[in-house]
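Notes for the one structure printed next.
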Amino acid sequence: MQDTSSFPEVPLEKLRWRCDPESFPFNTTADLPPLEGIIGQERAQKALELGVEIASAGYNIYVCGVPGTGRLTAVQQLLSTRQADGTSPPDLCYVFAFKHPEHPRLLTLPASQGTGLKKAMEGLLATLKQDIPALCAGEQFQQRKEQLLQQARRREQRLLEQFEQRLAPHFGLLWHDVDRKLVPELAPVLEGRLTPLAELERRLESGHFPKERYSQWHAQYTTLHAELSQMFTTVRRLQREADEDVRTLQRALVRPLIQDTVAQAAAPFTDPEVQQYFQEVEEACSEDLERFLTAPTTPDKEAASSVPAPALYEEDPFHEYQVNIIVDNTDTQGVPVIFETSPTYKNLFGAVEPTLEYGGVWRSDFMGIRAGSLHRANGGYLVFEAHDALTEPLVWATLKRTLRYGQAEIQTFDHLSLVPSTMLKPEPIPCDVKVIMLGDADLYDDLVHEDAAFKRLFKVKADFDLAIPRQSHRIMQYAGFISRICHAERLRPFARDAVAAVIELGVRLAGRQNKLSARLDAIADIVREADYWAGKAGASTVARMAVEQALRERCERVNMVEEKLRELIDEGILLMTTRGAIVGQVNGLSVYELEEDYAFGCPIRITAETSMGDTGVVNIEREADLGDATYNKGVLILSGYLRHAYGQDKPLVLSASLCIEQSYEGIAGDSASAAEIYALLSSLANLPVEQGIAITGSVNQKGQLQPISGINEKIEGFFDVCRLQGLTGTQGVILPPQNVDDLMLREDVVAAISAGQFHLYPVAHIDAGLAILTGVAVGERCAGVWYPPDSVNGRVDTQLRRFAEQWYALQHGSSYEHGTPVPTTAHDYHNH
């Protein structure tokens with residue numbers, strides 16, 4: 010075994026980046042002005058500005074990034090400046106369309122004039138309801154009305170007298186009081202009095218009246234009854250003419266009043282559409298005077314109370330003259346900015362809400378039209394979460410149609426509803442809205458590839474990064490952000506060392522020493538929790554100790570699974586050893602991501618078994634369908650490396666199996682491929698591998714180690730297991746050199762490495778790690794053909810050559826003496 014101390018290790022200063030508290034020009038965050046805006050994200054902010062300032066169609070914005078990166082704050086701050094520079098949009102009102110009641114009319118008025126229109130109509134109705142009955146009750150009108158009715162009655166009386174003269178002497182008219190109304194009955198004169206025909210029929214049946222005379226009278230009765238019906242038809246026509254003459258008189262009398270009242274109500278409004286509406290109101294009022302002269306009846310409330318409905322429609326005789334203001338911008342300052350937190354269909358696009366009439370009949374009309382966020386944001390900006398909107402029925406299809414045609418239609422939302430739909434179709438609303446959707450990268454990619462219309466409607470992508478460069482002014486912005494949280498939520502001020510601890514956490518979350526995490530929501534949570542623990546300790550300011558306690562407590566809240574795995578290792582249930590050397594067995598490293606902001610590392614045992622054969626490298630995880638595509642790719646690359654390193658002068662006649670022991674869940678990623686190569690080479694060379702050295706890193710077909718993610722968690726996870734089983738001073742981790750700049754290790758791990766109890770070996774090539782793991786020289790190829798026989802590579806090459814010779818002998822039914830040239834390809838074997 011070679012002394013591992015001779016191999017290069019990661020320099021101590023690279024194990025963790027430290028923020029110097031003395032570099033801050035303040036004592037606590039109370040001396041620091043709060044941060045205005047967000048930290049970094051210049052690319053995204055430029056895209057937002059472009060999308061907001063270009064007014065052309067299709068320049069809607071998709072804000073791409075994970076929550077907590079400042080995307081919503083950036084949108085809010087940008088739109089707040091734009092809001093103050095703009096003008097208030099118009100009010101939107103729906104009124105009754107007298108000519109086409111199924112198509113309510115849209116009226117667009119300057120801000121605050123919608124309320125003026127509503128009040129004008131209310132005043133108009135109040136005036137007409139008072140003045141029209143008063144005018145029609147005047148003496149002059151009543152006299153003229155009575156004259157017209159008297160003339161009609163005299164004409165009716167003359168007709169009746171002429172008809173009665175025709176009836177005499179054999180017939181006459183009997184008058185009956187039916188519901189306080191006199192109704193005539195034609196009756197024959199018998200024995201000097203009018204006798205109903207029914208009585209005459211009874212006499213006939215009893216034999217007291219001659220049949221011949223009855224037949225004669227019945228024939229006359231039939232003829233006279235027809236003439237009576239014709240006469241009353243004439244009377245009813247005369248009554249209708251009289252009523253029409255009265256109405257004509259009423260209209261002539263009332264029309265100047267209606268014209269003057271409507272003109273006064275319409276005077277403040279100059280829009281031609283509004284003037285046209287008032288003209289239709291004038292015509293409707295003139296044609297329907299009875300509505301103003303008839304007192305409304307009160308519905309039966311007791312009967313209505315038995316109808317189970319959320320809202321009952323109370324009949325209003327002047328319902329058509331109401332004004333439905335769906336968007337009132339009286340109090341809107343500048344352009345509207347709407348943040349819709351629940352982007353359902355009804356909340357975005359509005360609906361026509363039906364009401365229940367007395368009797369259980371659903372009714373829909375223009376007064377049931379309700380606006381959505383899209384209409385309230387007209388002329389401004391509408392912001393919502395893309396995922397929330399796209400998971401709602403009909404929302405995406407309706408949004409695309411609205412943005413494509415520039416019109417927002419309000420329809421009855423009857424998706425899975427028991428309420429029947431209506432044929433009401435309100436006039437569309439011109440739509441001038443800048444839509445800003447917030448979503449993640451996966452949803453953006455899905456929309457781009459699955460919906461061709463998406464890129465035409467959302468031409469601007471504002472991409473928020475998860476990390477920002479660690480620069481001095483960014484560090485000060487981080488401190489300003491902490492100050493903002495403390496000021497906004499009245500937390501204790503943070504001392505300089507506490508600010509430094511938070512910034513170091515930002516570097517660790519970013520995963521690179523030269524980056525800071527843009528996940529400011531996680532940073533804000535640590536600030537709040539550190540304030541809590543400082544309060545528990547009775548401190549007036551938050552020190553580094555409180556930040557570290559907050560991190561420990563947060564870890565303890567969620568690390569139960571991690572502790573359970575440690576217990577399984579300690580009890581020997583999960584087989585793991587960090588001492589000694591074993592052939593064909595290495596310790597790889599894995600990361601468990603339990604939550605969005607919490608992950609931990611744990612070693613995994615990887616074993617390899619090799620023999621002569623032609624199946625190649627068998628990945629047991631792949632065969633058991635436990636590996637994802639990336640993991641399976643790493644194993645296939647492993648076979649490519651074997652061909653590159655050992656298969657240039659002979660065919661590889663190898664059957665090998667690789668297994669991650671005691672793994673019963675899916676394996677993702679290729680970070681175990683380097684460890685699997687070492688296990689395979691150990692088995693082929695029959696050289697034991699040091700179990701105190703864990704390996705992480707992916708590998709390419711040339712044998713070069715490539716960087717992986719989660720390096721800090723992996724190192725710390727293996728360190729914890731080594732400490733659990735006892736540190737020997739020889740344990741450590743082999744890692745790709747590119748990951749050195751990602752290190753932000755815990756202080757206890759740094760202390761152990763500084764004391765020589767734990768080691769980190771940056772390895773760029775598979776060969777460099779073999780000497781560390783086996784203590785045997787690696788061996789370089791001699792003359793481009795042979796490896797030194799006592800080296801690791803020489804032993805692997807010898808074993809693979811032995812497999813090839815044995816395979817050749819078995820295929821040809823003879824023995825093969827060592828030293829005979831081996832065919833270099835499988836094709837040569839078959840043709841030899």
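Residues in the sequence shown are numbered from 10 upward in steps of one, following this note's numbering.
Ideal Cβ positions, reconstructed from N, Cα and C, are used throughout, including at glycine.
For residue i, count neighbouring C-beta atoms within 10 Å of its own C-beta (all shown protein chains included) and say buried if the count is 16 or more, exposed if not.
| i | result |
| --- | --- |
| Gln122 | buried |
| Ser382 | buried |
| Pro478 | exposed |
| Val19 | buried |
| Pro345 | buried |
| Ile484 | buried |
| Ile582 | exposed |
| Asp186 | exposed |
| Asp679 | buried |
| His109 | exposed |
| Asn695 | exposed |
| Gly597 | buried |
| Leu819 | exposed |
| Arg256 | exposed |
Cα separation between residue i and residue j?
| i | j | result |
| --- | --- | --- |
| Gln92 | Lys464 | 26 Å |
| Thr136 | Phe180 | 56 Å |
| Gly6 | Ser707 | In this structure the chain extends from 10 to 841, so residue 6 is not present and cannot be described. |
| Gly343 | Val442 | 14 Å |
| Leu134 | Tyr330 | 8 Å |
| Ile48 | Gly520 | 17 Å |
| Lys154 | Gln160 | 10 Å |
| Val72 | Phe473 | 7 Å |
| Thr307 | Asp325 | With a pLDDT of 47 at Thr307, under the threshold of 50, the predicted position of this residue should be treated as unreliable, though the coordinate-derived value follows. For Thr307 and Asp325, the distance between alpha carbons rounds to 10 Å. |
| Gln268 | Leu262 | 11 Å |
| Gly822 | Glu814 | 12 Å |
| Gln68 | Pro34 | In the sequence as displayed, the identity of residue 68 is Tyr instead of Gln. Those two C-alpha atoms are separated by around 43 Å. |
| Leu412 | Thr90 | 24 Å |
| Leu321 | Thr117 | Only weak support is given to the placement of Leu321: the predicted model assigns it a pLDDT of 47, under 50, and the value that follows is read from those uncertain coordinates. Cα to Cα, the separation comes out at about 29 Å. |
| Arg561 | Gln715 | 32 Å |
| Ala863 | Gln734 | There is simply no residue 863 to check, as the chain begins at 10 and stops at 841 in what is shown. |
| Leu357 | Glu349 | 8 Å |
| Ala883 | Leu302 | Any answer about residue 883 is impossible in this case: the structure gives the chain only from 10 up to 841. |
| His768 | Ala546 | 37 Å |
| Leu866 | Phe172 | In the structure as shown, the chain starts at 10 and stops at 841, and residue 866 therefore has no counterpart that could be examined. |
| Ser15 | Gln713 | 21 Å |
Give me, in chain order, the residues of the same chain whose beta-carbon lies closer than 7 Å to that of residue i; leave out the 5 immediate sequence neighbours on both sides.
| i | result |
| --- | --- |
| Thr807 | Pro798 |
| Leu24 | Leu752, Leu754, Val759, Ile762 |
| Leu584 | Arg614, Glu670, Gln671 |
| Leu59 | Val469 |
| Arg790 | Tyr796 |
| Thr82 | Ile47 |
| Gly738 | Gly765, Gln766 |
With a threshold of 8 Å on Cβ separation, who are the neighbours of residue i within its own chain once the five nearest residues in sequence on each side are excluded?
| i | result |
| --- | --- |
| Leu782 | Val595, Tyr687, Ser691, Val698, Glu699, Ile702, Ile704, Ile743 |
| Glu462 | The residue asked about is misnamed: residue 462 is Ala in this sequence, not Glu. Lys409, Arg413, listed in sequence order. |
| Tyr230 | Phe180, Leu195, Pro197, Leu206 |
| Glu250 | Ala161 |
Might you give, ordered along the chain, the residues of its own chain that have their beta carbon closer than 6 Å to the beta carbon of residue i, omitting 5 neighbours on each side?
| i | result |
| --- | --- |
| Glu311 | Residue placement at Glu311 is flagged as unreliable, the pLDDT there being 47, under the threshold of 50; a coordinate-derived value is accordingly withheld. |
| Cys28 | Ala509, Ile512, Glu513 |
| Pro30 | Arg505, Asp506, Ala509 |
| Asn36 | none |
| Asn748 | Pro716, Ile720 |
| Cys668 | Thr616, Ile629 |
Can you find at least 3 beta carbon pairs, one from the stretch 611 to 628 and one from the stretch 680 to 695, that sit closer than 8 Å? Contact between the stretch 611 to 628 and the stretch 680 to 695 is present, with at least three C-beta pairs closer than 8 Å.
I want to know whether the stretch 722 to 729 touches the stretch 601 to 611 - three or more CB-CB distances under 8 Å. Yes, they touch.
If you scan the stretch 652 to 728 from start to end, which runs of the beta strand (DSSP E) of 3 or more residues do you find wholly inside it? When DSSP assignments are scanned along the stretch 652 to 728, the uninterrupted stretches of beta strand (DSSP E) that are 3 or more residues long and fall wholly within it turn out to be 664 to 669, 697 to 699, 702 to 704.
Enumerate, from N- to C-terminal direction, the unbroken beta strand (DSSP E) stretches of 3 or more residues contained entirely within the stretch 48 to 96. Contiguous beta strand (DSSP E) elements confined to the stretch 48 to 96 occur at 70 to 73, taking only those with 3 or more residues.
Does the stretch 518 to 532 come into contact with the stretch 553 to 572, if we say contact requires no fewer than three beta-carbon pairs (one atom in each stretch) closer than 8 Å? Using a Cβ-Cβ distance cut-off of 8 Å, the stretch 518 to 532 and the stretch 553 to 572 are not in contact, since fewer than three pairs of beta carbons, one from each stretch, lie closer than that value.
Under 8 Å, with one C-beta from each stretch per pair, do the stretch 102 to 117 and the stretch 279 to 292 reach the 3-pair mark? Inter-segment contact for the stretch 102 to 117 and the stretch 279 to 292 is present: three or more beta-carbon pairs are separated by less than 8 Å.
Can you check the stretch 454 to 486 for any alpha helix (DSSP H) of at least 4 residues that lies completely inside it and give the ranges in chain order? List check, alpha helix (DSSP H) in window: 461 to 466.
Is it true that the stretch 491 to 504 meets the stretch 538 to 551, where meeting means three or more beta-carbon pairs spaced less than 8 Å apart? With the cut-off at 8 Å, the stretch 491 to 504 and the stretch 538 to 551 touch.
Unbroken beta strand (DSSP E) runs of length 3 or more, entirely within the stretch 587 to 657: which are they? Along the length of the stretch 587 to 657, whole beta strand (DSSP E) runs at least 3 residues long occupy 590 to 592, 594 to 604, 607 to 620, 625 to 628, reported in chain order.
Output the residue ranges of the alpha helix (DSSP H) runs that lie fully inside the stretch 500 to 545 and measure 4 residues or longer, sorted by chain position. Counting only runs of 4+ residues, the alpha helix (DSSP H) found wholly inside the stretch 500 to 545 occupies 505 to 519, 529 to 545, in chain order.
Given 8 Å as the limit, is there contact between the stretch 377 to 394 and the stretch 438 to 456, that is, 3 or more CB pairs closer than that? Touching, yes, given that three or more Cβ pairs across the two stretches are closer than 8 Å.
Sequence ranges, beta strand (DSSP E) only - wholly within the stretch 321 to 368, length at least 3: Listed in chain order, the complete beta strand (DSSP E) runs (minimum 3 residues) inside the stretch 321 to 368 are 332 to 336, 346 to 349, 364 to 366.
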